[in-house]
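**Q** Just so we're aligned, residue 19 is where the sequence shown starts under our numbering, counting upward by one. The beta-carbon is built from N, C-alpha and C at its ideal position, and this holds for glycine as well. Predicted, not measured: the structure shown is a model, and the values here were computed from it.
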Amino acid sequence: MRVYLDNAATTPIAPEVAECMIPYLMNEFGNPSSTHSFGRQAKAVIETSRRSVAKHLNCTPAEIYFTSGGTEADNMALHICVNALGVTHIITSSIEHHAIGHTAEYLNKQGNILLSYVKIDSKGNVDLADLERLLQLEGKALVSLMHANNEISTLLPLEKVSALCEKHKAYFHSDTVQTMGHYAFDLQNLKIDFLTCAAHKFHGPKGIGFLYVNKMLKTEALIHGGAQERGLRGGTENLYGIAGLAKAMDLAYHDVLGHQDHVQALKTHMINELTAHFDDLSFHGETNPEKSLYTVLNCSFPPTSKAGMLLFTLDLKGVACSGGSACSSGAVSQSHVLQGIGADGSRPNVRFSFSRYTTQAEIDYAIQQVKDVFSKTLV
Ligand SMILES: Cc1ncc(COP(=O)(O)O)c(C=O)c1O
Numbered sequence: 019m020r021v022y023l024d025n026a027a028t029t030p031i032a033p034e035v036a037e038c039m040i041p042y043l044m045n046e047f048g049n050p051s052s053t054h055s056f057g058r059q060a061k062a063v064i065e066t067s068r069r070s071v072a073k074h075l076n077c078t079p080a081e082i083y084f085t086s087g088g089t090e091a092d093n094m095a096l097h098i099c100v101n102a103l104g105v106t107h108i109i110t111s112s113i114e115h116h117a118i119g120h121t122a123e124y125l126n127k128q129g130n131i132l133l134s135y136v137k138i139d140s141k142g143n144v145d146l147a148d149l150e151r152l153l154q155l156e157g158k159a160l161v162s163l164m165h166a167n168n169e170i171s172t173l174l175p176l177e178k179v180s181a182l183c184e185k186h187k188a189y190f191h192s193d194t195v196q197t198m199g200h201y202a203f204d205l206q207n208l209k210i211d212f213l214t215c216a217a218h219k220f221h222g223p224k225g226i227g228f229l230y231v232n233k234m235l236k237t238e239a240l241i242h243g244g245a246q247e248r249g250l251r252g253g254t255e256n257l258y259g260i261a262g263l264a265k266a267m268d269l270a271y272h273d274v275l276g277h278q279d280h281v282q283a284l285k286t287h288m289i290n291e292l293t294a295h296f297d298d299l300s301f302h303g304e305t306n307p308e309k310s311l312y313t314v315l316n317c318s319f320p321p322t323s324k325a326g327m328l329l330f331t332l333d334l335k336g337v338a339c340s341g342g343s344a345c346s347s348g349a350v351s352q353s354h355v356l357q358g359i360g361a362d363g364s365r366p367n368v369r370f371s372f373s374r375y376t377t378q379a380e381i382d383y384a385i386q387q388v389k390d391v392f393s394k395t396l397v
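#1: Using only alpha-carbon positions, find the residue among C317, H242 and I138 that is nearest to M94.
#2: Hey, is T89 close to ligand 1, as in C-beta under 6 Å from one of its heavy atoms?
#3: Assuming Q246 and E255 are in contact, meaning their beta carbons sit under 8 Å apart, how far apart are those beta carbons, in whole angstroms?
#4: Which partner residues of V21 appear in the DSSP bridge assignment?
#5: Following the continuous beta strand (DSSP E) through R369, name the residue where it begins and the one where it ends.
#6: What separation, rounded to the nearest whole angstrom, lies between the Cα atoms of D362 and Q352?
#7: Is any heavy atom of ligand 1 found at a distance shorter than 6 Å from the C-beta of D193?
#8: Within 10 angstroms of the Cβ of D273, are there 16 or more other Cβ atoms? Answer buried if so, exposed if not.
#9: So, S340 versus S318, is the Cβ gap smaller than 7 Å?
#10: Can you grab the Cα-Cα spacing for the pair K127 / A117, in whole Å?
#11: Report, in whole angstroms, the separation of the C-beta atoms of Y230 and C77, which I expect to be a contact under 8 Å.
#12: Would you give the residue range spanned by the beta strand (DSSP E) that C215 belongs to?
#13: Suppose you measure from the CA of A349 to the CA of Q282; what does that come to, to the nearest Å?
#14: Have a look at E177 and L208 and give me their C-alpha separation to the nearest angstrom.
#15: Just curious, the alpha helix (DSSP H) that A144 is in, first and last residue?
#16: So the beta strand (DSSP E) H191 belongs to, where does it begin and stop?
#17: Per DSSP, A159 forms a beta bridge with which residues?
#18: Residue range of the alpha helix (DSSP H) that H74 falls in?
#19: Quick one: residues in its chain with C-beta nearer than 7 Å to the C-beta of Q206, no 5 flanking neighbours on either side, listed in chain order?
#20: Relative to ligand 1, is the shortest distance from any of its heavy atoms to the C-beta of A266 smaller than 6 Å?
#21: On the premise that S171 lies in contact with S310, defined as a C-beta separation below 8 Å, what is that separation, rounded to the nearest angstrom?
#22: Taking 6 Å as the line, does the beta carbon of N256 fall inside it for any heavy atom of ligand 1?
#23: Thinking just about the alpha-carbon of each residue, which of M44, L328 and V195 is nearest to the one in R365?
#24: State buried or exposed for R369, treating a residue as buried only when at least 16 other CB atoms are found within 10 Å of its CB.
#25: Would you decide whether N25 is buried or exposed? Buried here means 16 or more other CB atoms lie within 10 Å of its CB.
#26: From the DSSP output, in three-state form, read off N316 for me.
#27: Let me confirm a value: S192 is counted as buried when at least 16 other C-beta atoms fall within 10 Å, else exposed. Which label applies?
#28: I need the straight-line Cα distance from Y312 to T376, nearest angstrom please.
#29: Rounded to the nearest angstrom, what separates P307 and D279 at their Cα positions?
#30: Under the criterion of a Cβ to heavy atom distance below 6 Å, does H54 qualify as lining ligand 1?
#31: Does the Cβ of S51 have 16 or more other Cβ atoms within 10 Å, making it buried, or fewer, making it exposed?
#32: May I ask you to report which of helix, strand or coil DSSP gives R251?
#33: Does the beta-carbon distance from A122 to I108 come in below 7 Å?
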C-alpha cells in the first residue's frame, strides 16, 4: 500500500480539474492578449475564472491578480507595501514560510524598513499584546502573519489581528496558502488588505495562484513587462493553470464543511490512536480544532538515537510524510518553525497532512506502520 500524507507540501490534482484544463492545452491555446478570436476566447476564460474566484471570496474580480503561486504572491504583497504604500515597518513572526520570512529580511537588508518579530508561544500562537506594542512604534506598518502554519497547523485569529491593524492604521497581509480552499473567506466582512493563494494546495495545478489586493490600495509591479494583470504582473498568462485554479476552487468550496468534517475526523482518530499507543507522545502546535488547521498534524515522538531513520523507514513502508527537520550530512537540524517555538530538538517529529481524498483505511495503515517502525526499527 502507498499512502500519501504530505498534502501540506502539495495535493494530487482533482480529476475534474485535470479534465477542465485539457482543452486549453490542446485546442483553445490563444494568447489572451491577441485581438483575434483565439485570443479573445482565451481572455474570456481568464476573466470568467477571475469572476468565479472573486465570487467564492465575496470580493470584486479586480481585486484578484493571478501569479505563479504562493511565493510570488507573498513577495508581491510585501513589495507593494514598501514600494507603493510607504510602509517603513514590517511586523511578522519567526515561523512564517520563507516566502515571507526571506522577503522581509531582504527588504530589511536593503535598508528601507524596520523589521520586527512578534512574540509567539510554544504552540505558535501570536501574542496579541506584543503585536499591539509593536504597532505603536513609529512608522507606517504592515502586519504579515500567516493564517495557518504549514508545519505545526496553528491558526491565527484573523478577525482579532484585523481589528488591531485597523485600530493602528496598519496594513494587514495574511499568507493564506494553507487555508485557501479549506476555509470560507468573506472579504466583505473581513478587513484585510492582502491574501495569498496557491492552487496546488487544494487539488489544483502547480505554478498558479493569486494575490488578493483590497481595491482601495495603490499597487506597483514586481514583474515588469506587458500590461497583463492590469499592469501588475507582465507576462503571458498561464491560461490552463488559471482555468484549473478556478475549477479547483469550485470543487473545494462546493462542500467545504463536508471536507472539513471528513478530514478532522481522520486527524482526531490519528491523535487518539497514537496517544493511546505511545507513552510519551506530544504534538507541535495546537490540536484543538478551533485553533488548528484540520489538514495538518505534527507529532513529536519519544527520543531515539535513530531519529534520522524515521521518515526514510516510513517511506520504505509506503507512507509519505514529512519532517519539520532537514537531514543534511547525517545531522538532523530543526526547521526554523520548530526552532521558533522552542521545540525539543532531541525528539523526532513527523508532519502528517491529509486531504479530502484521504481514507480511514490509509490512516489506519499509516498508524500501524508508525507503531511497527518504533517497535522494530528504531529500538
Ligand atoms: C504557508 C505557505 N506559504 C507560501 C508557500 C509557497 O507557495 P508556492 O509553493 O505555491 O510558491 C507555501 C508552500 O508550501 C506555504 O505552505
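**A** Looking at the atomic coordinates:
#1: Translated into the one-based positions of the sequence shown, residue 94 becomes position 76. It is H242 whose Cα lies nearest to the Cα of M94.
#2: Here residue 89 refers to the residue found at position 71 of the sequence shown. Under cutoff, so the answer is yes.
#3: Looking up residue 246 in the sequence shown gives position 228. Looking up residue 255 in the sequence shown gives position 237. Indeed, because the Cβ distance is near 6 Å, the residues count as touching under 8 Å.
#4: Indexing the sequence shown from 1 puts residue 21 at position 3. Beta-bridge pairing links V21 to V337.
#5: Taking the first residue of the sequence shown as position 1, residue 369 is located at position 351. Element bounds for R369: N367 to S371.
#6: Residue numbering aside, residue 362 sits at position 344 when the sequence shown is read from its first letter. Residue numbering aside, residue 352 sits at position 334 when the sequence shown is read from its first letter. Approximately 9 Å between the Cα atoms of the pair.
#7: Walking along the sequence shown from the start, residue 193 turns up at place 175. Yes; taking the cut-off as 6 Å, the Cβ of D193 has a heavy atom of ligand 1 nearer than that.
#8: One-based indexing of the sequence shown puts residue 273 at position 255. D273 comes out exposed.
#9: Here residue 340 corresponds to residue number 322 of the sequence shown, with the count starting at 1. Here residue 318 corresponds to residue number 300 of the sequence shown, with the count starting at 1. Cβ atoms of S340 and S318: not closer than 7 Å.
#10: Here residue 127 refers to the residue found at position 109 of the sequence shown. Here residue 117 refers to the residue found at position 99 of the sequence shown. If you take the alpha carbons of K127 and A117, they lie about 16 Å apart.
#11: Your numbering for residue 230 matches position 212 in the sequence shown. Your numbering for residue 77 matches position 59 in the sequence shown. Going by Cβ atoms, the distance from Y230 to C77 rounds to 6 Å, so yes, they are a contact pair.
#12: In the sequence shown, counting from the first residue as 1, residue 215 sits at position 197. Unbroken beta strand (DSSP E) run through C215: F212 to A216.
#13: Against the sequence shown, residue 349 aligns to sequence position 331. Against the sequence shown, residue 282 aligns to sequence position 264. Summary for A349: the model assigns pLDDT 47, below 50, so the residue's position carries little reliability; its value from the coordinates is reported in the next sentence. Distance between the alpha carbons of A349 and Q282: 34 Å.
#14: In the sequence shown, the residue the question calls residue 177 occupies position 159. In the sequence shown, the residue the question calls residue 208 occupies position 190. Approximately 7 Å between the Cα atoms of the pair.
#15: Taking the first residue of the sequence shown as position 1, residue 144 is located at position 126. Correcting the residue identity first, residue 144 is Val in this sequence and not Ala. Here V144 belongs to no alpha helix (DSSP H), and DSSP marks it neither H nor E.
#16: What you label residue 191 is simply residue 173 of the sequence shown in a count that begins at 1. Element bounds for H191: Y189 to S192.
#17: Numbered from its first residue, the sequence shown carries residue 159 at position 141. Beta-bridge pairing links A159 to H107.
#18: Here the question's residue 74 lines up with position 56 in the sequence shown. Start and end: S55 to L75.
#19: Start at 1 with the first residue of the sequence shown, and residue 206 comes out as number 188. Closer than 7 Å at the Cβ level, and outside the excluded window around Q206, lie N76.
#20: Residue mapping note: residue 266 aligns to position 248 of the sequence shown, counting from 1. No, the beta carbon of A266 sits no closer than 6 Å to any heavy atom of ligand 1.
#21: As a working note, residue 310 is residue 292 in the sequence shown. As a working note, residue 171 is residue 153 in the sequence shown. That belief holds up - the Cβ atoms of S310 and S171 are roughly 5 Å apart, short of 8 Å.
#22: Within the sequence shown, numbered from 1, the residue matching residue 256 stands at position 238. Every heavy atom of ligand 1 is 6 Å or more from the Cβ of N256, so no.
#23: Walking along the sequence shown from the start, residue 365 turns up at place 347. The option with the nearest alpha carbon to R365 is L328.
#24: Stepping through the sequence shown from its first residue, residue 369 is reached at position 351. By the 10 Å Cβ count, R369 comes out buried.
#25: Within the sequence shown, numbered from 1, the residue matching residue 25 stands at position 7. Buried is the call here.
#26: For the purposes of this step, residue 316 is taken as the residue at position 298 of the sequence shown. Note: N316 maps to strand in three-state DSSP.
#27: Mapped onto the sequence shown, residue 192 falls at position 174. Counting Cβ neighbours within 10 Å, S192 comes out buried, since at least 16 surround it.
#28: What you label residue 312 is simply residue 294 of the sequence shown in a count that begins at 1. What you label residue 376 is simply residue 358 of the sequence shown in a count that begins at 1. Distance between the alpha carbons of Y312 and T376: 13 Å.
#29: On the sequence shown, residue 307 is found 289 positions in, with the first residue counted as 1. On the sequence shown, residue 279 is found 261 positions in, with the first residue counted as 1. Whole-angstrom Cα-Cα distance: 10 Å.
#30: Position 36 of the sequence shown, counted from the start, is the residue given in the question as residue 54. Because no heavy atom of ligand 1 lies under 6 Å away, the Cβ of H54 does not count as near it: no.
#31: Sequence index remark: in the sequence shown, residue 51 carries index 33 (1-based). Exposed.
#32: Stepping through the sequence shown from its first residue, residue 251 is reached at position 233. Strand.
#33: Position 104 of the sequence shown, counted from the start, is the residue given in the question as residue 122. Position 90 of the sequence shown, counted from the start, is the residue given in the question as residue 108. In contact: A122 and I108 (Cβ atoms closer than 7 Å).
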